[in-house]
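**Q** Chains as they are written, first to last, in our numbering: chain A, 14 to 172; chain B, 14 to 172.
Note that CB positions come from ideal geometry on N, CA and C, so glycine has one too.
2 protein chains.
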Amino acid sequence: MAQTSPRPRPRGRTARTAGNSLQHQAQLNVIRTGAMLQDDFEQMLAPYGLGGAQFNVLRILRGAGADGLCRNELRDRMLTRMPDMTRLLDRMERAGLVARTRKDDDRRMVTTRLTREGRQLIDSIDADAAREQKRRFRSLSDTQLHTLIDLLQAVQRQS
Amino acid sequence: MAQTSPRPRPRGRTARTAGNSLQHQAQLNVIRTGAMLQDDFEQMLAPYGLGGAQFNVLRILRGAGADGLCRNELRDRMLTRMPDMTRLLDRMERAGLVARTRKDDDRRMVTTRLTREGRQLIDSIDADAAREQKRRFRSLSDTQLHTLIDLLQAVQRQS
DNA sequence: TGACACCCAGTGTCATAACACCTAATATTC
DNA sequence: GAATATTAGGTGTTATGACACTGGGTGTCA
Chain A
14 MAQTSPRPRP RGRTARTAGN SLQHQAQLNV IRTGAMLQDD FEQMLAPYGL
64 GGAQFNVLRI LRGAGADGLC RNELRDRMLT RMPDMTRLLD RMERAGLVAR
114 TRKDDDRRMV TTRLTREGRQ LIDSIDADAA REQKRRFRSL SDTQLHTLID
164 LLQAVQRQS
Chain B
14 MAQTSPRPRP RGRTARTAGN SLQHQAQLNV IRTGAMLQDD FEQMLAPYGL
64 GGAQFNVLRI LRGAGADGLC RNELRDRMLT RMPDMTRLLD RMERAGLVAR
114 TRKDDDRRMV TTRLTREGRQ LIDSIDADAA REQKRRFRSL SDTQLHTLID
164 LLQAVQRQS
């Protein structure tokens, strides 16, 4: 199976943001760009049978190492809001990507860890993921990237 | 009905982006910030019984004026990808916010227009929407806003 | 005018997201 | 140590999203 769907999606003509306040333009551009990057990323993931949320879980769990993470900790680290972590993990467990074990000392807690298979899968995606990131940002210098990151973090810090 | 849900969502500790390439950090921050803004916005819209997509349709149709727009034109102007425009418009039509009429000269085309009720609804939201935009971006100067917008548009232009 | 390609809108079907609620285990208070 | 609160995880239900496909409507070319 080569590439998937044809993917037209010219969506969101940049020009349409004229005539509004700067804050409004900024808001629209952040949301639109975020959606574009997310879509690109999910497009890249499709051949692996993953969605963005599942990839995110794999990435976070790989970062967490052998200790794994409990459901709520995992949920709080997600890139996007994810109220229904349980069933997302259910699906990933069924797919053999993660394993869950209830803790002995606090039996309310369930620790989720990457399986070997999950680990191998995300490792195999790394190269594609890096390529995808570079593609979108290739026109920006390191200074510009720093500026962009700083500005976005300032926005995130507002309440 | 006052405010709705408690909304904890501390999600996405900014610090977690260390140790990766600048492009990666930029990608994560754009996606995360976009999701935050979208969530905020939908939070604000909830009391009006609208979701982000529906608000977006109202906004676009208001801009289009009395001529309205056909389904595909509308879809292409959406801020986020929306493959299932038909049923979104179905719901909005059922709610009395939009009206659809098939064109006489090309009977394939269906024009969607705002109803008076839809128009009044989006007008009544304007003040809240503007407040929400300002809140998130208040810490940025006009120059910084311009810079942010320019950088994001450069990202959007990459294929 | 009949065959063809193409365009627009809509539908069937399945997977996933959202929201409110529930249950079990542990902590806290008296 | 029994009652209560709190915290973690899970479930039921409904709404929404994705994707492939259908089917009518137009144009165009023999």
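B/Leu161 and A/Gln157: beta carbons closer than 8 Å?
**A** Contact: no.
**Q** What would DSSP say about B/Arg148, mapped onto helix, strand or coil?
**A** Three-state DSSP puts B/Arg148 in a helix.
**Q** Out of B/Gln171, B/Glu145 and B/Ser172, state which residue places its alpha-carbon closest to the alpha-carbon of A/Ala11.
**A** Coverage of chain A is limited to positions 14 through 172, which leaves residue 11 of chain A absent and any answer about it impossible.
**Q** Hey, is A/Asn42's beta-carbon within less than 8 Å of any beta-carbon in chain B?
**A** Chain B, which has a Cβ nearer than 8 Å to the Cβ of A/Asn42, makes this yes.
**Q** For B/Leu190, which beta-bridge partners are listed by DSSP?
**A** The question about residue 190 of chain B has no answer, for chain B in this structure spans 14 to 172.
**Q** How far does the alpha helix (DSSP H) with A/Met49 in it reach, from first residue to last?
**A** From DSSP, the alpha helix (DSSP H) with A/Met49 extends over Leu35 to Leu58.
**Q** Out of A/Lys147, A/Met98, A/Arg170 and A/Leu153, state which residue places its alpha-carbon closest to the alpha-carbon of A/Asp53.
**A** The candidate whose alpha carbon is nearest that of A/Asp53 is A/Lys147.
**Q** Please classify B/Gly78 as buried or exposed, where buried requires at least 16 other C-beta atoms within 10 Å of its C-beta.
**A** Exposed, by the Cβ-count rule.
**Q** Find the residues of chain B that neighbour A/Gly78, judging by a C-beta separation of less than 7 Å, and give them in chain order.
**A** Within 7 Å Cβ-Cβ: nothing; A/Gly78 doesn't reach chain B, min ~14 Å.
**Q** Do you know whose CA, among B/Met95, B/Arg107, B/Leu58 and B/Ala108, lies nearest A/Met49's CA?
**A** Comparing Cα-Cα distances from A/Met49 to each of B/Met95, B/Arg107, B/Leu58 and B/Ala108, the minimum goes to B/Met95.
**Q** What are the boundary residues of the alpha helix (DSSP H) that B/Thr93 is part of?
**A** First-last for B/Thr93: undefined, no H or E at that position.
**Q** Looking at the unbroken alpha helix (DSSP H) that takes in B/Leu71, where does it start and where does it end?
**A** Element bounds for B/Leu71: Gly65 to Ala77.
**Q** Chain A partners of B/Thr125, CB-CB under 9 Å?
**A** Here the premise fails: no neighbours, minimum Cβ distance about 17 Å.
**Q** Checking 8 Å against the spacing of the C-beta atoms, do A/Val70 and A/Leu87 come in under that value?
**A** For A/Val70 and A/Leu87, yes; Cβs fall inside 8 Å.
**Q** Any Cβ of chain B within less than 8 Å of the Cβ of A/Arg75?
**A** It does not; no Cβ of chain B falls within 8 Å.
**Q** According to DSSP, simplified to helix, strand and coil, what is B/Leu153?
**A** Three-state result, B/Leu153: coil.
**Q** With a threshold of 7 Å (Cβ to nearest heavy atom), would A/Gly65 be considered close to the ligand NAP?
**A** With respect to small molecules bound, the structure shown includes none, and the ligand NAP cannot be examined in it.
**Q** Is A/Arg107 buried or exposed, if buried means 16 or more other CB atoms sit within 10 Å of its CB?
**A** A/Arg107 should be labelled exposed.
**Q** Could you work out which residues of chain B lie near A/Leu50, taking near to mean beta carbons separated by less than 7 Å?
**A** Those are Gln40, Val43 and Ile44, listed as they occur along chain B.
**Q** Taking all protein chains shown into account, do 16 or more other C-beta atoms lie within 10 angstroms of the C-beta of B/Gln51, making it buried, or fewer, making it exposed?
**A** Buried.
**Q** Where B/Arg129 and B/Arg115 are concerned, what is the direct C-alpha to C-alpha distance, given to the nearest angstrom?
**A** If I take the Cα positions, the gap works out to 19 Å.
**Q** Out of curiosity, what's the CA-to-CA distance linking B/Thr46 and B/Asp117?
**A** B/Thr46 and B/Asp117: Cα-Cα distance of roughly 44 Å.
**Q** Taking B/Ser137 as the query, report the chain A residues whose CB atoms sit under 7 Å from its CB, ordered along the chain.
**A** Within 7 Å Cβ-Cβ: nothing; B/Ser137 doesn't reach chain A, min ~17 Å.
**Q** Consider the Cβ of B/Arg94: report whether some Cβ of chain A lies at a distance smaller than 8 Å.
**A** With 8 Å as the cut-off, B/Arg94 counts as an interface residue toward chain A.
**Q** Would you mind sorting A/Thr17 into buried or exposed? The rule is 16 or more other CB atoms within 10 Å of its CB.
**A** Only weak support is given to the placement of A/Thr17: the predicted model assigns it a pLDDT of 35, under 50, and the value that follows is read from those uncertain coordinates. The residue is exposed, with fewer than 16 neighbouring Cβ atoms inside 10 Å.
**Q** Beta carbons nearer than 8 Å to chain B: which residues of the segment 153-171 of chain A have them?
**A** Listed in sequence order: Leu153, Asp155, Gln157, Leu158, His159, Thr160, Leu161, Ile162, Leu164, Leu165, Gln166, Ala167, Val168, Gln169, Arg170 and Gln171.
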